[in-house]
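Working notes, structure below.
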């Protein structure tokens with residue numbers, strides 16, 4: 566859903582900050598997906614859905630539904646806002662469940678590295694949202 570939202574943003578965003586952020590999401594999430602697939606192939610990690618992945622998918626689908634309904638110039642701010650929320654949720658999941666629950670050293674190392682990337686994405690999304698905020702929203 567994250568890559569789908571970013572592709573939608575590339576097609577509909579009107580500002581460079583939103584488009585640049587969307588491209589970064591596509592690039593970084595594609596790379597992370599590749600790394601996860603390599604970890605899964607290296608061992609018998611299950612790619613089967615879990616309550617956690619179902620929750621993440623649900624959040625992504627909700628954000629995509631919201632974005633499809635946002636018209637014109639409001640799209641960029643809505644995209645940035647959904648990305649702030651998504652990355653806050655991802656950090657909470659990494660810190661609360663995934664990293665502490667990682668039994669394998671290689672999986673834990675990947676998740677710790679991923680956490681750094683997610684934190685960078687969150688900061689970038691916050692900056693994009695602030696750039697796009699109207700004077701009333703910035704107060």
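Numbering (our numbering), first residue to last: 566 to 704.
Glycine included, each C-beta is placed from N, C-alpha and C at the ideal position.
Would you kindly work out how many angstroms separate the C-alpha atoms of residue 584 and residue 681, rounded to a whole number?
Here the C-alpha atom of residue 584 lies approximately 22 Å from the C-alpha atom of residue 681.
Excluding the 5 residues preceding and the 5 following residue 646 in the sequence, name in chain order all residues of the same chain whose CB lies nearer than 8 Å to its CB.
The answer, listed in chain order, is 694.
Which of helix, strand or coil DSSP assigns to residue 572
Under the three-state reduction of DSSP, residue 572 is assigned to helix.
Within 8 Å, strictly: CB atoms of residue 687 and residue 663
no
Any idea what DSSP makes of residue 636, helix, strand or coil?
coil
Output needed for residue 624: all residues of its chain with C-beta closer than 7 Å, excluding positions within five of it in sequence on either side, in chain order.
651, 654
Span of the alpha helix (DSSP H), counted from its first residue to its last, around residue 660
Counting along the chain, residue 660 falls outside any alpha helix (DSSP H), and DSSP gives it neither H nor E.
Status (buried if at least 16 other CB within 10 Å, exposed otherwise) for residue 677:
So residue 677 counts as exposed.
State buried or exposed for residue 567, treating a residue as buried only when at least 16 other CB atoms are found within 10 Å of its CB.
The C-beta of residue 567 has 16 or more other C-beta atoms within 10 Å across all chains shown, which makes the residue buried.
Endpoints, alpha helix (DSSP H) assigned at residue 695:
670-697
Taking C-beta to C-beta, are residue 644 and residue 578 nearer than 8 Å?
yes
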